[in-house]
Amino acid sequence: MDISLKISKSQDPHNTAIKNISSVLKKEWLTSYDYKRQKPTHYQSQRAPGDLFTAQTIKPILYLTKLTHAALYEDHNLVSSFLKKDDTAWKEVLKHNKNGGLCIYASVLLHYLLLASNEISKNKLSFMQGYYHHEFHDQHILKNMYQNGVFGLHSYLLYEGYVVDTTIHQIAFNYYPGEHKEFNFIGEITGGINLYGFKETNKTVHKYAKKFARDSDKTIEAWINYHQSIMNEYISNQISLLNDKKDF
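Residues in the sequence shown are numbered consecutively from 1, following full-length UniProt numbering.
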């Protein structure tokens, strides 16, 4: 969900972004405090250690990167090997892509799928809500139109202080239509993108999960179990494809 800002030379673009995005989050989503009274954390890009995620804990990241990318382009063919058009997961991700909350939905689901691995503790995860700021390179067609860059509502996780973001490819979708990139951020952030966020409470994450699960007529436990089964099917499918390539 992007918020285009008309900012005069005398205005601080980040203060304007915080004010506008805080208002949207408070009215349409969930917050546990007034973001306008706090200073957001500017995430500092850093290389994540190679063993930050295991073979089990990387699965939810791969799953949600694939799922959200397909939703951005509304392209079921990208997930047809493990999802039907009438499957709950596909309906959910399309819904939240349309209502501007894809990043929130994906971050909440990722939070719970990581915990469900039983390899990650809750106190090492932080659910962040805030915004991204993207500055265009000098040759980009929108550079002159958005001299302050573009700002968009955004949500992501921090794990042991490293960003984990499965929906950042929305920037490629919005501003680089010819690239059609599927990518995520783990630790390092690139491409003229900066992330600013407010740490939310575990209670807020739980409220989100309860709402998302209820919207699909499920309990939180059933919701997580369902997505685990779809995730495992996707990973198995990918492993089979890799094995098939090895045979050639």
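Even for Gly, the Cβ is constructed at its ideal location relative to N, Cα and C.
Taking C-beta separations shorter than 7 angstroms and ignoring five residues to either side along the sequence, the partners of L114 in its chain run T57, P60, I120, L125, following chain order. Pairing E233 with F82, the inter-Cα distance amounts to about 6 angstroms. Using a Cβ-Cβ distance cut-off of 8 angstroms, the segment 195-210 and the segment 41-48 are in contact, since at least three pairs of beta carbons, one from each stretch, lie closer than that value. If you draw a straight line from the Cα of V163 to the Cα of T65, it is about 14 angstroms long. The C-alpha of N15 lies about 23 angstroms from the C-alpha of T201.
The criterion of a C-beta distance shorter than 9 angstroms is satisfied by Y226 and T88. Annotation: L142 is outside any beta strand (DSSP E) and is labelled neither H nor E by DSSP.
Around the beta carbon of G152, 16 or more other beta carbons lie within 10 angstroms, which makes this residue buried. DSSP places H111 inside the alpha helix (DSSP H), whose first and last residues are 102-116. Between L62 and I239, the beta carbon gap of about 11 angstroms keeps them out of contact (Cβ cut-off 8 angstroms). Closest option to E160, judged by alpha-carbon separation, among L52, I18, K143: L52.
Per the coordinates, the alpha-carbon of I104 lies some 23 angstroms from the alpha-carbon of Q46. Within its own chain, the residues whose Cβ lies closer than 6 angstroms to the Cβ of I189, once the five positions on either side in sequence are excluded, are S45, listed in chain order. Checking the DSSP bridge columns, you'll see M128 partnered with Y156, K199.
Inclusion of I171 and Y156 in the CB contact set at 9 angstroms is not warranted, their separation being larger than that value. For V163, DSSP records a beta bridge to L158. 9 angstroms or more divides the Cβ of T204 from the Cβ of A106.
In the three-state reduction of the DSSP assignment, T41 falls in the strand class, which pools E and B. In this structure H154 touches Y132 by the C-beta definition: roughly 4 angstroms separates them, less than 8 angstroms. For I186, the secondary structure class from DSSP, reduced to helix, strand or coil, is strand.
The bridge partners DSSP lists for N194 are H133. When secondary structure is reduced to three states using DSSP, F151 falls in the strand class. In this structure, the alpha-carbon of I21 lies about 10 angstroms from that of K27.
A distance below 6 angstroms between beta-carbons, with the five flanking residues on each side excluded, links W223 to the following residues of its chain, in chain order: A213.
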